[in-house]
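The numbering of the sequence shown is the numbering used here, which starts it at 40 and goes up by one. No residue lacks a Cβ here, since even glycine has one placed at the ideal position from N, Cα and C. What follows is a set of notes on a single structure, which appears directly below.
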Amino acid sequence: MSNWKLICKLEDIPQLGSRVVKPATGGDIAVFRTSDDEVFAIHDKCPHKNGPLSQGIVHGKRVTCPLHGWNIGLEDGQAVAPDVGSCTKFEIKVDNGDVYLAV
40 MSNWKLICKL EDIPQLGSRV VKPATGGDIA VFRTSDDEVF AIHDKCPHKN
90 GPLSQGIVHG KRVTCPLHGW NIGLEDGQAV APDVGSCTKF EIKVDNGDVY
140 LAV
């Protein structure tokens with residue numbers, strides 16, 4: 040069972056954009072919002088060369104790394120073929136417009 044921490048309001052995350060959360064344990068987490076208002080959270084480092092995924096372009100349920108164009112699936116944190124690698128995915132939920140991260 041997860042404990043949930045309120046991190047922001049849904050409206051604080053731009054559609055097709057992101058927001059960075061800096062947990063006390065370290066390692067920035069990028070929180071993404073799709074055009075359909077789905078929210079996903081993954082480690083804010085591309086598995087290729089540690090590019091800041093939070094600065095990438097969100098399209099569908101993927102984000103494209105701004106450094107070398109790798110595509111990362113927001114649902115699972117996996118690089119999209121032909122690239123290979125993954126980012127840690129974090130549990131997240133939205134309740135009445137509030138966005139919570141599992142801690």
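Assuming residue i and residue j are in contact, meaning their beta carbons sit under 8 Å apart, how far apart are those beta carbons, in whole angstroms?
i: V185; j: V138; result: The question about residue 185 has no answer, for the chain in this structure spans 40 to 142.
i: H107; j: H82; result: Contact flag wrong, Cβ pair sits at about 17 Å.
i: S57; j: A141; result: Not quite, the Cβ-Cβ distance comes to about 18 Å (not below 8 Å), so this is no contact.
i: A118; j: W109; result: 6 Å
i: L55; j: V133; result: With 8 Å as the limit, L55 and V133 do not qualify as a contact, their Cβ atoms being about 16 Å apart.
i: I111; j: L92; result: 6 Å
i: G90; j: P105; result: 6 Å
Would you call residue i buried or exposed, if buried means 16 or more other Cβ atoms sit within 10 Å of its Cβ?
i: S74; result: exposed
Could you give the residue range of the beta strand (DSSP E) that holds residue i?
i: W43; result: 43-48
i: D137; result: 137-141
In chain order, what residues of the same chain lie with their CB nearer than 6 Å to the CB of residue i, ignoring the 5 residues before and after it?
i: I96; result: T103
i: I46; result: V60, V138, L140
i: E114; result: K100
Excluding the 5 residues flanking residue i on each side, which residues of the same chain have their C-beta closer than 7 Å to its C-beta?
i: L94; result: According to the sequence shown, residue 94 is Gln rather than Leu. Answer for Q94: P105, listed in chain order.
i: D51; result: R58
i: S125; result: P86, G116, Q117, A118
i: K44; result: Y139, L140, V142
i: L62; result: Here residue 62 turns out to be Pro, not Leu, going by the sequence shown. These residues qualify, in order along the chain: I68.
Keeping to the same chain, check which residues put their C-beta closer than 8 Å to that of residue i; ignore five residues upstream and five downstream.
i: G65; result: none
i: A80; result: V60, I68, A69, V70, F71, K128, F129, E130, I131, L140
i: G136; result: K48, L49, E50
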